[in-house]
Amino acid sequence: MITTGTVLVVGGTSDIGRATALRYAQAGWAVQLAARNLLEAQRNADDIAIRTGAKVSVHYLDVLETQRFDEFTDSLSPAPDTVICLIGDLGDQYRAQSDPEYATNVLRTNFEGPALLLDIFAERFEARGSGSIIGVSSVAGDRGRASNYIYGSAKAGLSASLSGLRNRLAKAGIHVMTVKPGFVETKMTVGLKLPTLLTAKPDQVARAILSGQASHRNTVYVKPIWLVIMLIINLLPESIFKRLSI
Ligand SMILES: NC(=O)c1ccc[n+]([C@@H]2O[C@H](COP(=O)([O-])OP(=O)(O)OC[C@H]3O[C@@H](n4cnc5c(N)ncnc54)[C@H](OP(=O)(O)O)[C@@H]3O)[C@@H](O)[C@H]2O)c1
Numbered sequence: 000m001i002t003t004g005t006v007l008v009v010g011g012t013s014d015i016g017r018a019t020a021l022r023y024a025q026a027g028w029a030v031q032l033a034a035r036n037l038l039e040a041q042r043n044a045d046d047i048a049i050r051t052g053a054k055v056s057v058h059y060l061d062v063l064e065t066q067r068f069d070e071f072t073d074s075l076s077p078a079p080d081t082v083i084c085l086i087g088d089l090g091d092q093y094r095a096q097s098d099p100e101y102a103t104n105v106l107r108t109n110f111e112g113p114a115l116l117l118d119i120f121a122e123r124f125e126a127r128g129s130g131s132i133i134g135v136s137s138v139a140g141d142r143g144r145a146s147n148y149i150y151g152s153a154k155a156g157l158s159a160s161l162s163g164l165r166n167r168l169a170k171a172g173i174h175v176m177t178v179k180p181g182f183v184e185t186k187m188t189v190g191l192k193l194p195t196l197l198t199a200k201p202d203q204v205a206r207a208i209l210s211g212q213a214s215h216r217n218t219v220y221v222k223p224i225w226l227v228i229m230l231i232i233n234l235l236p237e238s239i240f241k242r243l244s245i
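FYI, numbering that gives the first Met the number 0 numbers position 191 of the sequence shown as 190, with every residue one higher than the one before it.
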């Protein structure tokens with residue numbers, strides 16, 4: 000099992016990503032931040048390096064540029080031991096329902112890009128015989144709801160892809176972990192009214208990722224109450240579920 004090494008945080012400007020990179024750096028990992036906004040990623044890198052003394056580097060990545068994934072992966076030196084993908088875009092459900100081009104962007108950002116990128120790392124980790132793959136998905140992917148089913152269906156795709164990777168890579172000793180944070184207070188949810196009991200801070204997610212990896216978890220619900228909620232929601236018959244406004 001990998002306990003330290005180099006971690007690649009994909010989504011190096013994400014609030015959860017920044018907290019996660021800091022926790023890994025504090026635990027002795029070297030950190031690579033991948034982001035499309037290099038200025039902001041560099042600010043995060045400098046902050047983490049000053050606070051922890053860890054080696055932190057910054058790398059350009061737009062997750063929609065799938066044709067550049069091989070080049071991106073080749074450019075990482077050293078090759079990471081762990082990759083954590085935190086890229087996501089909640090999008091505007093109402094706009095996405097009637098604007099296919101916009102919806103395509105949301106679907107590609109949350110599903111196609113992350114899933115295909117993690118596939119590239121899977122191939123390399125499998126050939127090397129070591130590595131950990133961590134994908135941040137969402138409870139929104141556990142059952143489609145009117146309020147966010149474009150985002151939710153993309154996250155459902157990502158969860159299925161991570162499950163497939165786990166099934167494929169178990170024999171090769173590659174750990175694949177799916178993280179479902181529930182609500183988190185970040186720039187993604189600014190302006191939304193979130194129930195305190197069900198809402199995590201970015202650092203709680205970061206700690207759950209670090210400890211989940213250390214204990215080799217398959218799926219992590221950051222706040223365990225979400226596992227119970229989603230079990231109940233998934234058990235509801237469709238005849239009842241379709242009438243609910245949740
Ligand atoms: N916040 C929540 O309540 C919540 C709940 C469940 C799951 N999650 C998931 O947790 C992860 C982190 O989210 P967060 O809450 O930390 O939100 P965030 O701060 O808005 O982070 C989203 C990240 O995705 C990046 N991104 C979006 N499109 C990209 C692209 N085309 N190429 C490269 N990077 C791109 C953003 O980069 P830019 O800075 O360049 O935009 C940003 O780093 C996401 O996967 C999200 O779906 C969040």
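Cβ coordinates follow ideal geometry from the N, Cα and C atoms, glycine included.
Using a Cβ distance threshold of 7 Å, Asp-202 and Ala-18 count as a contacting pair. Taking 6 Å as the cut-off, one finds no heavy atom of ligand 1 near enough to the beta carbon of Met-229. Close CB contacts of Leu-243 within its chain, under the 8 Å cut and outside five residues either way in sequence, are with Leu-235 (chain order). With contacts defined as CB atoms closer than 7 Å, Ala-40 and Thr-12 qualify as a contacting pair. Pairing Arg-206 with Met-176 gives a Cβ-Cβ distance that is not under 7 Å. With fewer than 16 other CB atoms across the displayed protein chains lying within 10 angstroms of its CB, Thr-3 is exposed. Contact annotation: Leu-32 and Val-62 have beta-carbon atoms that are not nearer than 7 Å. Ligand 1 has a heavy atom closer than 6 Å to the beta-carbon of Pro-180. By the C-beta criterion, the stretch 132 to 146 is judged to be in contact with the stretch 71 to 91, since at least 3 inter-stretch pairs fall below 8 Å.
Considered as a whole, the stretch 39 to 110 harbours 68 to 74, 92 to 97 and 99 to 106 as its complete alpha helix (DSSP H) runs of no fewer than 4 residues, in chain order.
Ligand 1 approaches Asn-36 closely enough that one of its heavy atoms is under 6 Å from the residue's Cβ. Taking Arg-165 as the centre and dropping the five residues before and after it, the same chain places the C-beta of Val-175 and Asn-217 closer than 7 Å to its C-beta, in chain order.
Shortest gap from the CB of Lys-186 to any heavy atom of ligand 1: under 6 Å.
Residue state for Leu-21 is assigned as helix, using DSSP reduced to three classes. Within the same chain, Cβ atoms closer than 6 Å to the Cβ of Asn-147 are found at Gln-92 and Ala-139, the five residues on either side in sequence being excluded.
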